[in-house]
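Engineer: Residue numbers (the numbering used here): 11 to 117.
Glycine included, every Cβ here is placed at the ideal spot set by N, Cα and C.
Bear in mind the structure is a predicted one, so any value in this text is a computation, not a measurement.
Shown below is the structure under consideration.
Spelled out as structure tokens, the structure:
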């Protein structure tokens with residue numbers, strides 16, 4: 011076993027000592043048990059869904075070829091037909107935008 015130090019609020023430590031004395035066990039034993047139960051419960055939360063790994067593709071290189079397998083039916087963007095666009099007007103030929111100032115308030 012390895013020794014470790016933890017910091018807990020005083021009221022939690024008081025409750026731990028009270029519970030340990032009522033149960034007749036050392037506080038360290040209760041902490042180990044609670045920590046083990048917490049870790050075991052958290053580990054179950056990240057389990058893969060039940061259907062994961064249920065389907066056999068017969069391939070052993072799926073992880074290495076995932077891009078080719080997933081995207082083999084998609085064409086790259088370079089192969090798309092060019093979109094019809096109107097010619098852009100040079101910046102000098104554009105009309106300037108007038109910004110109107112708000113009217114002054116009358117007193």
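1) Kindly list the residues whose CB is nearer than 7 Å to the CB of residue 39, restricted to its own chain and excluding five residues on each side of it in sequence; keep chain order.
2) Considering only C-alpha positions, which residue in the set 80, 108 and 16 is nearest to residue 41?
3) Can you tell me whether residue 43 sits near the ligand HEM, meaning its C-beta is under 7 Å from at least one heavy atom of the ligand?
4) With DSSP collapsed to three states, give me the class of residue 50.
5) Residue 30 and residue 36 look like a contact to me (Cβ under 8 Å); what is the Cβ gap, rounded to whole Å?
6) Give the secondary structure of residue 32 by DSSP, where H, G and I count as helix, E and B as strand, and everything else as coil.
7) Which two residues bound the contiguous alpha helix (DSSP H) that contains residue 65?
Structural biologist: Judging by the given coordinates:
1) Your numbering for residue 39 matches position 29 in the chain shown. Taken in chain order, the list of residues that qualify is empty.
2) Translated into the one-based positions of the chain shown, residue 41 becomes position 31. For residue 41, the nearest C-alpha among the options comes from 16.
3) Annotation note on the ligand HEM: not contained in the displayed structure, which lists no ligands.
4) What you label residue 50 is simply residue 40 of the chain shown in a count that begins at 1. Of the three classes helix, strand and coil, the one that applies to residue 50 here is helix, per DSSP.
5) Position 20 of the chain shown, counted from the first residue, corresponds to residue 30. Position 26 of the chain shown, counted from the first residue, corresponds to residue 36. Indeed they touch by this definition, with Cβ atoms about 6 Å apart.
6) Looking up residue 32 in the chain shown gives position 22. In this structure, residue 32 counts as helix in the three-state DSSP scheme.
7) Counting from one through the chain shown, the residue named residue 65 turns up at place 55. Premise fails: residue 65 is in no alpha helix (DSSP H) and is neither H nor E.
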